[in-house]
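Report on the structure given below.
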Amino acid sequence: MTDDHDAICTNFAVVRQFDDFDRVVAIRDTILALDRSAVTRDDVDRGLETPLTTREAAALFTCLQKNGAATQSATDERGFADYTFEVDPSEVDRVLTQQAAVIASDGRSSHTGQDDVVKFVATLPGGFEPTSARVRSIPDIASTIRNQVFDADSSVRIANPYFDPSLELVSDLASLPRRGVETRLLTRETADEEGDTRTTLNKMWDLIDEDHRDNFEVRDLYRWDERQGSQAFATHAKIVIVDDRVCYVGSANLTDTSLSTNFEFGVVVEGDIVEDAATVFDEVFEYSHPVELPI
Numbered sequence: 008m009t010d011d012h013d014a015i016c017t018n019f020a021v022v023r024q025f026d027d028f029d030r031v032v033a034i035r036d037t038i039l040a041l042d043r044s045a046v047t048r049d050d051v052d053r054g055l056e057t058p059l060t061t062r063e064a065a066a067l068f069t070c071l072q073k074n075g076a077a078t079q080s081a082t083d084e085r086g087f088a089d090y091t092f093e094v095d096p097s098e099v100d101r102v103l104t105q106q107a108a109v110i111a112s113d114g115r116s117s118h119t120g121q122d123d124v125v126k127f128v129a130t131l132p133g134g135f136e137p138t139s140a141r142v143r144s145i146p147d148i149a150s151t152i153r154n155q156v157f158d159a160d161s162s163v164r165i166a167n168p169y170f171d172p173s174l175e176l177v178s179d180l181a182s183l184p185r186r187g188v189e190t191r192l193l194t195r196e197t198a199d200e201e202g203d204t205r206t207t208l209n210k211m212w213d214l215i216d217e218d219h220r221d222n223f224e225v226r227d228l229y230r231w232d233e234r235q236g237s238q239a240f241a242t243h244a245k246i247v248i249v250d251d252r253v254c255y256v257g258s259a260n261l262t263d264t265s266l267s268t269n270f271e272f273g274v275v276v277e278g279d280i281v282e283d284a285a286t287v288f289d290e291v292f293e294y295s296h297p298v299e300l301p302i
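Each residue of the sequence shown is one higher than the one before, starting from 8 at the first, in the numbering used here.
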């Protein structure tokens, strides 16, 4: 958590999700009235006239975490909005007061419109100790993708060939449809009964309640050329696109080794150019074979 209580927020997930100044102030005052560091969504709901929706809860805790006012201390299979967070009350006051002020001034667009920005992200090899501060400061891919997912408001597009069903990220992705985020996942070889991808997709399907499964669509891009005896084409891209405004593109599969011990590299792009990536993804997605879940 930050020690600079005058710092300006860098993430405005609350501003994007809430349009009611009084509601944000009520949430702030409820958290401060708890007078303890461990806070959950249920704790906040008990102090409000109208409980948080899942999307509101996700936006709230994303905003607090990314602005240095909270850290995740316990997870829950239902998703990010149901985790337990350790909060710094003075930082909660700072962050939510700023978010409320932006809503009150109707200045939300100034934080969502931006020039194109590109930054590098990486997974560094296991046991490797960087010697330069510049290398140590490069964000890791796993946290970058999770933070993008936590910050999603309306849509997430993912292209990835391989998955580990045990990753916490799997539960994070399953939480998206449950809070109304349209989630499209493009992968490969889902007919392979031995593969982890099949297991992962079924696990995600089980975690999504029946009322929200329409928000989750999976397609398979893979073709084997029988005449040539070789692969004709397949999903090999590794992409996460959130709300047409931020896009991760890199080398990492969504597997434990790719996100923890391999040397993987990528970029995160923000701005209008992300719409180009979304357009390419959508056309390839529509070309690909729909997958009926569970498999």
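All residues carry an ideal CB built from backbone N, CA and C; glycine is no exception.
Checklist line | Straight-line gap, Ala181 to Thr17 (C-alpha atoms, nearest Å) | finding: Going by the C-alpha atoms only, they are around 26 Å apart.
Check: Rounded to whole angstroms, how far is the Cβ of Asp100 from the Cβ of Arg35, which I believe are closer than 8 Å?
Finding: 7 Å between Cβ atoms; contact.
Margin query: Using a Cβ distance threshold of 8 Å, determine whether the region 269-277 contacts the region 207-214, with at least three qualifying pairs required.
Written below: Proximity of the region 269-277 to the region 207-214 falls short of the contact definition, fewer than three beta-carbon pairs being nearer than 8 Å.
Next item on the list: Measure from the alpha carbon of Gln24 to the alpha carbon of each residue in Arg220, Ser161, Thr104 and Pro137, then state which is nearest.
Entry: The residue with the shortest Cα to Cα distance from Gln24 is Ser161.
Check: Apart from the five residues on each side of it in sequence, which residues of its chain come closer than 7 Å, Cβ to Cβ, to Ile302?
Finding: Within the same chain, Cβ atoms closer than 7 Å to the Cβ of Ile302 are found at Thr197, Arg205, Leu208 and Asn209, the five residues on either side in sequence being excluded.
Notebook entry, point to check: According to DSSP, which residues form a beta bridge with Pro297?
Noted result: For Pro297, DSSP records a beta bridge to Arg226.
Checklist line | Extent of the continuous alpha helix (DSSP H) to which Gln238 belongs | finding: Unbroken run through Gln238 is the beta strand (DSSP E), Ser237 to Ala241; no alpha helix (DSSP H).
Checklist line | Among Arg234, Ile280 and Ala239, nearest to Val256 - alpha-carbon criterion | finding: When each option's Cα is compared against that of Val256, the closest is Ile280.
Item checked: With 16 other Cβ atoms within 10 Å as the buried cut-off, status of Lys126 -> Under a 10 Å Cβ-count criterion, Lys126 is classified as exposed, with fewer than 16 other Cβ atoms of the shown protein chains found around its own Cβ.
Margin query: Does Leu214 come out as helix, strand or coil in the three-state DSSP assignment?
Written below: Leu214 falls in the helix class under three-state DSSP.
Next item on the list: Please name the residue in Asp123, Ile145 and Leu228 whose C-alpha comes closest to that of Leu131.
Entry: For Leu131, the closest of Asp123, Ile145 and Leu228 by C-alpha to C-alpha distance is Ile145.
Item checked: Element boundaries [beta strand (DSSP E), containing Ala77] -> Run containing Ala77: Ala77 to Ala81, per the beta strand (DSSP E) assignment.
Checklist line | Range covered by the beta strand (DSSP E) that runs through Thr190 | finding: Residues Glu189 to Thr194.
Margin query: I'd like the list of long-range same chain contacts for Glu277, defined as Cβ closer than 6 Å, with 5 residues on each side in sequence excluded.
Written below: Contacts found: Val124 and Val253.
Margin query: Judging by CA-CA distance, which residue of Leu193, Ala108 and Cys70 is the nearest neighbour of Thr242?
Written below: Closest by alpha carbon: Leu193.
Margin query: Looking at Leu59: is its Cβ nearer than 8 Å to the Cβ of Asp50?
Written below: No, the pair does not count as a contact, with Cβ atoms beyond the cut-off.
Next item on the list: Consider the C-beta atom of Thr17 and the heavy atoms of the ligand NAP; say whether any pair is separated by less than 7 Å.
Entry: Although the ligand NAP was asked about, the structure shown includes no ligands whatsoever.
Checklist line | Proximity below 8 Å, CB of Val31 to CB of Gln106 | finding: Gln106 is positioned such that its CB atom lies closer than 8 Å to that of Val31.
Margin query: Quick check: the Cα distance between Ala66 and Arg230, rounded to an integer number of angstroms?
Written below: Cα to Cα, Ala66 sits roughly 39 Å from Arg230.
Checklist line | Limits of the unbroken alpha helix (DSSP H) element including Ser161 | finding: Where Ser161 is concerned, there is no enclosing alpha helix (DSSP H), because DSSP gives it neither an H nor an E.
Next item on the list: Identify which residue in Val249, Glu93 and Ala14 has its Cα closest to the Cα of Glu189.
Entry: Just measuring C-alpha positions, the residue of Val249, Glu93 and Ala14 sitting nearest Glu189 is Val249.
Notebook entry, point to check: For Glu277, does the three-state DSSP call read helix, strand or coil?
Noted result: Glu277 falls in the strand class under three-state DSSP.
Item checked: Simplified DSSP assignment, three categories, for Phe68 -> Three-state result, Phe68: helix.
Check: Under a CB-based cut-off of 8 Å, is Val142 close to chain B?
Finding: Annotation note: the requested chain B is absent from the structure, which comprises a single protein chain.
Next item on the list: Using three-state DSSP, classify Arg115 as helix, strand or coil.
Entry: Residue confidence is low: Arg115 scores 48 on pLDDT, short of 50, so the model does not pin down where it sits. Its coordinate-derived value is still stated next. Residue state for Arg115 is assigned as coil, using DSSP reduced to three classes.
Item checked: Rounded straight-line distance, which links the Cα of Asp52 to that of Thr2 -> With the chain represented from 8 up to 302, any question about residue 2 goes unanswered, as that position is not in the structure.
Notebook entry, point to check: Would DSSP call Ala14 helix, strand or coil?
Noted result: In the displayed model, Ala14 falls within coil according to three-state DSSP, outside both helix and strand.
Note to self: If I follow the unbroken alpha helix (DSSP H) through Phe28, where does it start and stop?
What the structure shows: Start and end: Phe28 to Leu41.
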